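Structure, as structure tokens:
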Amino acid sequence: MAETAREIAEELRERIRSGALRPGARLPGEPALVKEHGVAKETARRALMLLVSEGLAVRRKGSGTYVREFQPIRRVANKRLSAEGWGAGQSIWSADVGDRPMQVTDLRVYETAAPDDVARVLGLDDGAEVVVRDRLFKVEGEPVQSATSYLPSDLVRGSAITQEDT
13 MAETAREIAE
23 ELRERIRSGA
33 LRPGARLPGE
43 PALVKEHGVA
53 KETARRALML
63 LVSEGLAVRR
73 KGSGTYVREF
83 QPIRRVANKR
93 LSAEGWGAGQ
103 SIWSADVGDR
113 PMQVTDLRVY
123 ETAAPDDVAR
133 VLGLDDGAEV
143 VVRDRLFKVE
153 GEPVQSATSY
163 LPSDLVRGSA
173 ITQEDT
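Written as structure tokens, this is what we have:
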């Protein structure tokens, strides 16, 4: 009986999780999946694209689909705030990435009028000034998080948080 693209993707996902398919390994191509699972080529293609869309695999034009070498960060809420982690002084970031080094790049700090939605959420008057902190977080050279913070200027002006090195 022919399987669905989701079932084939789940089987490949399990092979990746178990280590049977290592980072950088070439996944079975569409013809191999068609033969192995008795499905149409489009079903095999959708199965591979599911893994690509989840960040577990990458496509290389003319070469195939490969297990992604950079392993995505999995955020698990109960792990992030557990007594053994956060409760024992571990940062939430460390709970997510473990020992993988993090780098902050593209940091910009500037003052501007608060956008209307930000002013409303912060309870500020229209046009009130805010300090904006934009930054990009990278792990192993790969972007993993973009963050923008809006801080009421009257509260933070002159403090360390307005400096780019903090």
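Residue 13 is where the sequence shown starts when you use the numbering used here, and the numbers rise one by one after that.
Using N, Cα and C, we set each Cβ at its ideal position, and we do this for glycine too.
Keep in mind it's a predicted model, so treat the numbers as computed, not measured.
Would you give the residue range spanned by the beta strand (DSSP E) that alanine 69 belongs to? First-last of the beta strand (DSSP E) with alanine 69: 69 to 72.
Beta-bridge pairing of alanine 32 - partner residues as DSSP gives them: Partner(s): none; alanine 32 has no beta bridge.
Whose C-alpha, out of Val79, Ala131, Ala52 and Arg25, is nearest the C-alpha of glutamate 15? For glutamate 15, the nearest C-alpha among the options comes from Ala52.
Evaluate the contact criterion for the region 71 to 87 versus the region 21 to 37: three or more CB pairs, one atom per stretch, below 8 Å. Result yes; three or more Cβ-Cβ pairs closer than 8 Å.
If you scan the region 114 to 168 from start to end, which runs of the alpha helix (DSSP H) of 4 or more residues do you find wholly inside it? 128 to 134 and 165 to 168, all fully within the region 114 to 168.
If you draw a straight line from the C-alpha of leucine 167 to the C-alpha of alanine 125, how long is it? Distance between the alpha carbons of leucine 167 and alanine 125: 14 Å.
Excluding the 5 residues flanking arginine 145 on each side, which residues of the same chain have their C-beta closer than 6 Å to its C-beta? Excluding residues within five positions, the ones whose Cβ falls inside 6 Å are Val121 and Ser161.
In terms of residue numbering, what span does the alpha helix (DSSP H) encompassing threonine 55 cover? Here the alpha helix (DSSP H) through threonine 55 covers 53 to 65.
Tell me whether aspartate 177 is buried or exposed, calling it buried when 16 or more other Cβ atoms sit within 10 Å of its Cβ. The residue is exposed, with fewer than 16 neighbouring Cβ atoms inside 10 Å.
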